[in-house]
Amino acid sequence: MAFRDPEGRAEEQLKERGYVLGEVLGEGSYAKVRAAFSKNYNRRVAMKIINRRRAPRDFLARFLPRELEIIQKLDHPNIIKTFDIMEFGQKVFISMEIAGHGDLLEFIRLRGAIPEETAKIMFLEFVDAVDYLHCNGVTHRDLKCENILIDVHNNIKLSDFGFARTFTDGEFSRTFCGSAAYAAPEILQGHPYNMPAYDIWSMGVVLYIMVTGSMPYDDSNIKRMIREQLERHVRFPRGVRVTTPCQSLIHHALTADVSRRATIADIRASEWMAGARALLNEKQKKSGPQNKVEQRSKPNKNERNIVQQMAKKLDTVNNNVASSSKDTSDTTARQGGSSELAADMKGLSTE
Numbered sequence: 001m002a003f004r005d006p007e008g009r010a011e012e013q014l015k016e017r018g019y020v021l022g023e024v025l026g027e028g029s030y031a032k033v034r035a036a037f038s039k040n041y042n043r044r045v046a047m048k049i050i051n052r053r054r055a056p057r058d059f060l061a062r063f064l065p066r067e068l069e070i071i072q073k074l075d076h077p078n079i080i081k082t083f084d085i086m087e088f089g090q091k092v093f094i095s096m097e098i099a100g101h102g103d104l105l106e107f108i109r110l111r112g113a114i115p116e117e118t119a120k121i122m123f124l125e126f127v128d129a130v131d132y133l134h135c136n137g138v139t140h141r142d143l144k145c146e147n148i149l150i151d152v153h154n155n156i157k158l159s160d161f162g163f164a165r166t167f168t169d170g171e172f173s174r175t176f177c178g179s180a181a182y183a184a185p186e187i188l189q190g191h192p193y194n195m196p197a198y199d200i201w202s203m204g205v206v207l208y209i210m211v212t213g214s215m216p217y218d219d220s221n222i223k224r225m226i227r228e229q230l231e232r233h234v235r236f237p238r239g240v241r242v243t244t245p246c247q248s249l250i251h252h253a254l255t256a257d258v259s260r261r262a263t264i265a266d267i268r269a270s271e272w273m274a275g276a277r278a279l280l281n282e283k284q285k286k287s288g289p290q291n292k293v294e295q296r297s298k299p300n301k302n303e304r305n306i307v308q309q310m311a312k313k314l315d316t317v318n319n320n321v322a323s324s325s326k327d328t329s330d331t332t333a334r335q336g337g338s339s340e341l342a343a344d345m346k347g348l349s350t351e
């Protein structure tokens, strides 16, 4: 539920809602993230604060309303939970769950390629989250390792719904969204695209990164990258053993022909995913239920890093989207996504 107050005195009004704000953890040109504690939920949260006066017009008109509408309806253990959305004067306050153990990209940078048995469990949680979205008529359109957070039990938590939108069967979009290295060829070429199929392609890229610790394509040359995508040039790095069933699933997800690309049902039924649910159930028995309430009032180092990244993304991601303001895939948005990725993927090689 959104609460409105045209006057503002935001901090006092937040206290009335049970929130005590802490330090600023990250800040962009029109948004910041602050640590906070919710007395009502008895837990630490990240409070994202968006200043309407400073935000791009197109972001306020189209993308922010979509995001707010979507996130307040989502309720899944593998999706970052939104607790409250509040509007005081010209500022929007979004109270969100903190995952606690960084994002998937940082996880892989620190540990290297993820062993397939562990990757199966994590990828199944990822599949469950995306399946939930699609079944509820929502497409994410920015699936990437940086938007997959990890909690203290190494459970997956999907985040960042700035590009998300609702869809109906057979509906197409022309808006370029996300980062070039995770984008399907039809998007890089500026063609109208099936939104759930775009998510599937990005999932294939994420799985490749998980099991190899590297990128499937080099996005420094978009034309060459598109050619490799269309010609199905997915190479696996030497020295990293990826089983044939896993390779087959990645190839199926990274199929340029949308009519032949894997679906969520195909992923679940794949040979590689066999036994993944049993592994996940066993893990959950050992670690206990997800979303366990923790009562520490101060964020730890990992949580601080996460919210600092969130604040930075508010500028880089939303400004890239705002540049394609008429629902068309344009060169400016495409170059923005590519340069964003160059910074995001520092430390991962391509094969």
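Numbered continuously in full-length UniProt numbering, the sequence shown closes out at residue 351.
Glycine included, each C-beta is placed from N, C-alpha and C at the ideal position.
- Partner residues in the beta bridge of SER173, as assigned by DSSP, are TYR193.
- Note on the region 216-247: whole alpha helix (DSSP H) runs with a minimum of 4 residues are 222-230, in chain order.
- A distance below 8 Å separates the beta carbons of VAL130 and ASP199.
- When the beta-carbon positions are compared, ILE156 and MET122 come within less than 8 Å of each other.
- According to the DSSP assignment, SER95 belongs to the beta strand (DSSP E) that extends over 91-96.
- By the neighbour-count criterion, in which 16 or more other beta carbons inside 10 Å mark a residue as buried, GLU271 falls on the exposed side.
- Annotation for ILE267: the continuous alpha helix (DSSP H) segment containing it runs 264-269.
- Shown here for CYS177: same chain residues with a beta carbon closer than 7 Å to its own, the five before and five after excluded, namely ARG141, ASP142, PHE163 and VAL321 in chain order.
- CA-CA distance, ILE70 to GLY239, rounds to 42 Å.
- Setting aside the 5 residues that flank it on each side, MET225 is surrounded in the same chain by TYR217 and ASP219, each with a C-beta closer than 6 Å to its C-beta; the list follows chain order.
- In terms of Cβ geometry, LEU254 and LEU124 do not form a close pair [threshold 8 Å].
- ASP151 sits away from HIS76, with the two beta carbons spaced by 8 Å or more.
- VAL45 and ILE98 do touch by the CB rule: their CB atoms are close to 7 Å apart, below 8 Å.
- Put simply, of ASP160, GLU116, ILE187 and ARG34 the residue whose alpha carbon is nearest the alpha carbon of LEU74 is ASP160.
- The three-state secondary structure of THR212, taken from DSSP, is helix.
- The C-beta of GLU146 has 16 or more other C-beta atoms within 10 Å across all chains shown, which makes the residue buried.
- Taken through DSSP and simplified to helix, strand or coil, ALA36 comes out as strand.
- Using a 10 angstroms sphere on the CB of ASP169, the tally of other CB atoms stays under 16, which defines it as exposed.
- For the set MET47, GLY213 and ILE79, the Cα lying nearest the Cα of GLU23 is the one of MET47.
- The Cβ-Cβ distance between ARG17 and ASP84 falls below 8 Å.
- In the three-state DSSP reduction, VAL206 falls in the helix class (H, G or I).
- Excluding the 5 residues flanking it on each side, GLN247 has same chain C-beta neighbours closer than 7 Å at PHE236, in chain order.
- For ASN281, the enclosing alpha helix (DSSP H) starts and ends at 276-287.
- The Cβ-Cβ distance between ALA262 and PRO185 does not fall below 8 Å.
- With 16 or more other Cβ atoms from the protein chains shown falling within 10 Å of its own Cβ, LEU25 counts as buried.
- Taking C-beta separations shorter than 7 Å and ignoring five residues to either side along the sequence, the partners of SER38 in its chain run GLY18, TYR19, VAL45, PHE83 and SER95, following chain order.
- Taken in chain order, the complete beta strand (DSSP E) segments of 3 or more residues contained in the region 7-89 are 19-27, 31-38, 43-51 and 82-88.
- Here PHE126 is near ILE148, since their CB atoms are less than 8 Å apart.
- Put simply, of MET195, ASN51 and ALA183 the residue whose alpha carbon is nearest the alpha carbon of PHE172 is MET195.
- Straight-line spacing of the CA atoms in ALA278 and ASP266 works out to 18 Å.
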